[in-house]
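J.:
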Amino acid sequence: MTFSWISTSRSHQGKVRKVNEDSAFAHPDGMLWAIADGMGGYEGGSMASDIVVEELGKIKKSDVLDQLVQNSLQQLQIANTRIQRYSIEQCSGRSVGSTVVCFITGADGAACVWAGDSRLYRLRDSELLQLTTDHSEVAQLVALGHLTEVEARAHPKANVITRTIGVGRDQEAETILVNTENSDTFLLCSDGLYNELDESAILESLREENLESLADDLMSRCMLTPAKDNISILLLRCLRQ
Amino acid sequence: MSEEVQFSIQSINGRYNFVISGDMTCGRDANCEAIIPDTSLSRRHARFFVKDKALFVEDLGSTNGTFVNGEQLKTEPRLVRYNDIVRFDILEFKVFVELAAPEVAKAPRHVVASAVEKSEAQAPRSWAVNDGLGQGTVVMDLGANKRAAQEQGQDEPVLEASLLQSLDQPSLVGIRGADRGKTITLAINDTAMTVWQIGRNAEMDIVIDDPSVSEHQAQIVFEQGTWKLVDVISTNATYANGEKILTHYLSNGDTFSLGATEYLFRISSKTNFRPRKKAARVKSKRKIWIGVAASLLGSLIAIYFSLLS
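Protein chains in written order, with numbering that gives the first Met the number 0: chain A, 0 to 240; chain B, 0 to 308.
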């Protein structure tokens with residue numbers, strides 16, 4: 000069974016930040032979509048997320064999921080090295096890095112590769128499910144039962160992530176297989192979205208049938224909040240051929 | 000992935016911050032792991048301990064009691080978690096939890112640089128340094144605890160020179176809490192006696208917008224050249240130079256606090272912090288020495304001339 004995919008993305012700097020350090024990306028061959036959320040201040044953050052999507056864009060078309068995943072991890076490793084070099088050469092060794100969340104489809108299934116606190120959600124039968132677990136300090140504290148989800152958001156270390164592309168010697172992405180069904184909607188997003196809108200608010204937006212107006216609705220809801228961070232979303236819908 | 004967490008308690012007045020490693024006894028006693036020199040605490044007031052990765056607190060038979068979220072502890076230890084308020088008599092602490100940093104001694108300060116130099120003996124490689132340049136996502140910081148304390152710079156007393164220079168009247172300079180950085184002038188209306196009422200109530204002469212301050216907490220009295228700070232039966236007590244007080248004669252440079260708000264008392268910027276007497280004494284001593292030296296020289300000259308003749 001083969002699927003075809005339609006996608007759309009939006010990215011906004013938000014109301015507070017002057018620079019948009021996020022990058023949203025759809026591979027022209029239609030088998031990989033990604034969002035990267037850069038960090039490092041000044042130009043560094045946006046440079047890092049640009050490098051990530053640029054390297055992901057170099058992946059050759061393939062139908063074999065495993066091949067695609069391996070290639071993405073290789074490209075992320077290259078991005079990792081490039082960001083490190085950039086950090087040393089242009090930012091006097093300052094920590095520069097990026098998160099990444101990347102949705103990959105082959106003829107034999109789909110997978111998600113991610114590092115940091117950018118997320119993948121799946122909407123199926125009016126149920127929103129977060130498929131990725133954040134690589135962040137507070138997510139670990141939540142998993143260990145020390146914090147609730149709500150407390151995690153207000154925790155002073157809510158923005159501290161434990162895995163990245165570009166900060167360590169190697170890229171640190173995690174991979175999961177993703178089950179897909181006809182008319183599933185997937186949402187890739189940076190933390191700017193879910194820190195402002197909780198899941199019920201996201202779900203409310205996702206009721207919209209049309210993918211474009213769904214994206215617009217989600218962004219406009221987000222812009223009604225304080226929108227303290229860059230907001231990036233990428234929506235994907237699976238259609239059986 | 001590290002599963003170790005680190006608990007700490009931070010006093011709401013910003014004065015104390017203790018990281019809990021193993022058992023931690025709190026009290027005034029010098030043998031306590033957390034020494035809290037506050038008169039309302041017992042020598043050995045309470046004990047924190049970690050069991051099954053959770054934090055507990057127990058009262059050690061203190062005089063004024065240990066409370067968790069307002070509820071007094073009896074003999075049983077009680078589980079406490081993030082954001083719980085633990086109170087020893089009137090001193091409130093907030094419980095904080097974060098991931099424990101990996102073995103800091105081995106960990107490089109800058110992961111980025113070290114990653115290029117060497118890869119051995121380092122912490123999980125993603126735990127790099129937060130340089131504080133971005134407000135958004137940052138990577139986990141090895142020296143985070145230290146910096147977290149610094150970030151609460153709100154609690155650090157502020158004493159900018161510029162603030163103090165402009166003072167030519169008796170005044171209070173807010174150095175901590177609600178009035179931090181603010182200068183309140185104490186204008187003397189009546190040289191015989193002037194009183195300023197201090198509290199949270201809007202009708203006070205000095206209104207402090209701080210929930211830890213009582214409605215009418217204290218007064219400052221200027222009477223025939225002396226300054227006095229008087230506590231007016233407050234909930235959270237008034238402290239002068241770190242001591243709990245009922246009445247305190249204020250000298251230039253004294254600090255006093257009401258709840259979480261602390262002030263520096265200045266009579267005038269021209270007056271030095273040091274008491275004047277000391278300076279005067281130094282001067283007079285010098286004068287005596289000059290006097291002695293002069294008379295000695297005089298007598299020597301007299302003897303010389305008498306010998307000549």
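Think of the CB as a built atom: it goes at the ideal place given N, C-alpha and C, for glycine as much as any other residue.
Predicted model, so just to flag it, every value in this text is computed and none were measured.
Quick check on Q139(A) - is its C-beta less than 9 Å from some C-beta in chain B?
T.: By 1-based counting over the first sequence, the position of residue 139(A) is 140. With 9 Å as the cut-off, Q139(A) counts as an interface residue toward chain B.
J.: Kindly indicate which residue of R81(A), A110(A) and S199(A) has the alpha-carbon position closest to the one of G92(A).
T.: Within the first sequence, the letter at position 93 stands for residue 92(A). Checking every option, the nearest Cα to that of G92(A) belongs to R81(A).
J.: For the segment 60-90 of chain B, which residues have a beta carbon sitting closer than 9 Å to at least one beta carbon of chain A?
T.: Here the close residues are R80, Y81 and N82.
J.: For the alpha helix (DSSP H) containing N70(A), name the first residue and the last one.
T.: Within the first sequence, the letter at position 71 stands for residue 70(A). L64 to Q89 is the extent of the alpha helix (DSSP H) around N70(A).
J.: How many Å lie between E57(B) and S10(B) at the Cα?
T.: As a first step, residue 57(B) is located in the second sequence; it is residue number 58 there, counting from the start. As a first step, residue 10(B) is located in the second sequence; it is residue number 11 there, counting from the start. One C-alpha to the other measures close to 17 Å.
J.: Which class does Q12(A) belong to by DSSP, given the choice of helix, strand or coil?
T.: Here residue 12(A) is taken as the residue at index 13 of the first sequence, counted from 1. Residue state, collapsed to three classes: coil.
J.: Ends of the alpha helix (DSSP H) at L78(B)?
T.: As a first step, residue 78(B) must be located in the second sequence, where it is residue number 79. Premise fails: L78(B) lies in the beta strand (DSSP E), R77 to V79, not in any alpha helix (DSSP H).
J.: Could you work out which residues of chain A lie near E97(B), taking near to mean beta carbons separated by less than 7 Å?
T.: Translated into positions along the second sequence, residue 97(B) becomes position 98. Result: E136 and K156.
J.: Confirm, please, whether the CB-CB distance from V172(B) to W195(B) is below 9 Å.
T.: Locating residue 195(B) in the second sequence gives position 196, counting from the first residue. Locating residue 172(B) in the second sequence gives position 173, counting from the first residue. The answer is no: Cβ separation not under 9 Å.
J.: Compute the distance between the beta-carbons of S10(A) and I160(A), then report whether it is under 9 Å.
T.: Indexing the first sequence from 1 puts residue 10(A) at position 11. Indexing the first sequence from 1 puts residue 160(A) at position 161. No, Cβ-Cβ distance for S10(A) and I160(A) is not below 9 Å.
J.: Tell me whether K156(A) is buried or exposed, calling it buried when 16 or more other Cβ atoms sit within 10 Å of its Cβ.
T.: On the first sequence, position 157 is the one that residue 156(A) refers to. With 16 or more Cβ atoms within 10 Å of its Cβ, K156(A) is classed as buried.
J.: Between T174(A) and chain B, is the shortest Cβ-Cβ distance under 9 Å, so that the two count as touching?
T.: Here residue 174(A) is taken as the residue at index 175 of the first sequence, counted from 1. So, not an interface residue.
J.: Tell me the residue span of the beta strand (DSSP E) that contains C25(B).
T.: The sequence position of residue 25(B) within the second sequence is 26, counting from 1. That run of the beta strand (DSSP E) goes M23 to G26.
J.: Cβ of I89(B) within 9 Å of Cβ of S39(B)?
T.: Against the second sequence, residue 89(B) aligns to sequence position 90. Against the second sequence, residue 39(B) aligns to sequence position 40. Yes, the pair counts as a contact, with Cβ atoms nearer than the cut-off.
J.: So within the segment 163-236 of chain A, which uninterrupted beta strand (DSSP E) runs reach at least 3 residues, ignoring any that extend past its ends?
T.: As far as the segment 163-236 of chain A is concerned, its whole beta strand (DSSP E) runs of at least 3 residues are 173-177 and 184-188.
J.: Taking only beta-carbon atoms, is V4(B) less than 9 Å away from chain A?
T.: Locating residue 4(B) in the second sequence gives position 5, counting from the first residue. Closer than 9 Å to some Cβ of chain A, the Cβ of V4(B) qualifies, so yes.
J.: Would you mind telling me which residues of chain B sit closer than 8 Å to E150(A), beta carbon to beta carbon, in chain order?
T.: What you label residue 150(A) is simply residue 151 of the first sequence in a count that begins at 1. Those are Y81 and N82, listed as they occur along chain B.
J.: Quick check on E195(A): buried or exposed, where buried means 16 or more other Cβ atoms within 10 Å of its Cβ?
T.: Position 196 of the first sequence holds residue 195(A). With 16 or more Cβ atoms within 10 Å of its Cβ, E195(A) is classed as buried.
J.: Assess contact between the segment 249-256 of chain B and the segment 203-210 of chain B, defined as three or more Cβ pairs (one per stretch) separated by less than 8 Å. Is contact present?
T.: Judged by Cβ distances under 8 Å, the segment 249-256 of chain B makes no contact with the segment 203-210 of chain B, as fewer than three pairs qualify.
J.: Applying a beta-carbon distance threshold of less than 9 Å, which residues of chain B neighbour L55(A)?
T.: Taking the first sequence and counting its residues from 1, the one referred to as residue 55(A) is at position 56. Residues of chain B passing the Cβ test: none, with the nearest at roughly 19 Å.
J.: Is the Cβ-Cβ distance between E242(B) and I174(B) less than 9 Å?
T.: The sequence position of residue 242(B) within the second sequence is 243, counting from 1. The sequence position of residue 174(B) within the second sequence is 175, counting from 1. Result no, Cβ atoms of E242(B) and I174(B) do not sit closer than 9 Å.
J.: Between which two residues does the beta strand (DSSP E) holding I8(B) run?
T.: For this step, residue 8(B) is matched to residue 9 along the second sequence. I8(B) -> beta strand (DSSP E) spans V4 to S10.
J.: Spell out whether any CB of chain B is found under 9 Å from the CB atom of L187(A).
T.: The residue labelled residue 187(A) in the question sits at position 188 within the first sequence. Chain B contact via Cβ: absent.
J.: Please check the pair V52(A) and A33(A), which I expect to be a contact at CB under 8 Å, by giving their CB distance rounded to whole angstroms.
T.: Numbered from 1 along the first sequence, position 53 holds the residue referred to as residue 52(A). Numbered from 1 along the first sequence, position 34 holds the residue referred to as residue 33(A). Right, the Cβ-Cβ distance comes to about 6 Å (below 8 Å), so this counts as a contact.
J.: Let me make sure I understand the geometry here. Which of F24(A), G29(A) and D65(A) has the alpha-carbon closest to that of E54(A)?
T.: Counting from one through the first sequence, the residue named residue 54(A) turns up at place 55. Selected option, being the one with the closest Cα: F24(A).
J.: Is P169(B) buried or exposed, if buried means 16 or more other CB atoms sit within 10 Å of its CB?
T.: On the second sequence, position 170 is the one that residue 169(B) refers to. Burial call: buried.
J.: Applying a beta-carbon distance threshold of less than 8 Å, which residues of chain B neighbour D146(A)?
T.: Taking the first sequence and counting its residues from 1, the one referred to as residue 146(A) is at position 147. Checking the sequence shown, residue 146(A) turns out to be Leu, not Asp. Within chain B, the residues near L146(A) are Y81 and V96.
J.: Just tell me which of T104(A), L238(A), Y193(A) and T7(A) has its CA closest to the CA of D133(A).
T.: Start at 1 with the first residue of the first sequence, and residue 133(A) comes out as number 134. Ranking T104(A), L238(A), Y193(A) and T7(A) by Cα distance to D133(A) puts Y193(A) first.
J.: Less than 6 Å between C-beta atoms, sequence neighbours within five positions excluded: which residues of the same chain meet that for S22(A)?
T.: Along the first sequence, read from residue 1 onward, the residue named residue 22(A) stands at position 23. Once the five neighbours on either side are set aside, the close Cβ partners of S22(A) are A35, S48, D49 and V52.
J.: Can you round the beta-carbon distance between R121(A) and L130(A) to whole angstroms, since I take them to be within the 8 Å contact cut?
T.: Stepping through the first sequence from its first residue, residue 121(A) is reached at position 122. Stepping through the first sequence from its first residue, residue 130(A) is reached at position 131. Rounded, the Cβ-Cβ distance is 6 Å, consistent with contact.
J.: In the DSSP output, which residue or residues are listed as bridge partners for V67(B)?
T.: Along the second sequence, read from residue 1 onward, the residue named residue 67(B) stands at position 68. Bridge partners of V67(B): E70(B) and V85(B).
J.: When DSSP labels each residue in this structure, what does P274(B) get in the three-state scheme?
T.: Position 275 of the second sequence, counting from 1, holds the residue named residue 274(B). Residue placement at P274(B) is flagged as unreliable, the pLDDT there being 33, under the threshold of 50; a coordinate-derived value is accordingly withheld.
J.: Starting from the Cα of S6(A), find the closest Cα among A114(A), L238(A), L234(A) and P225(A) and give me that residue.
T.: Numbered from 1 along the first sequence, position 7 holds the residue referred to as residue 6(A). Looking at the Cα atoms, L234(A) is the closest of the given residues.
J.: Between the segment 107-121 of chain A and the segment 58-67 of chain B, do three or more beta carbon pairs fall short of 8 Å?
T.: No, the segment 107-121 of chain A does not touch the segment 58-67 of chain B.
J.: When you compare only the Cα positions, how much space is there between E203(A) and E136(A)?
T.: Your numbering for residue 203(A) matches position 204 in the first sequence. Your numbering for residue 136(A) matches position 137 in the first sequence. One C-alpha to the other measures close to 29 Å.
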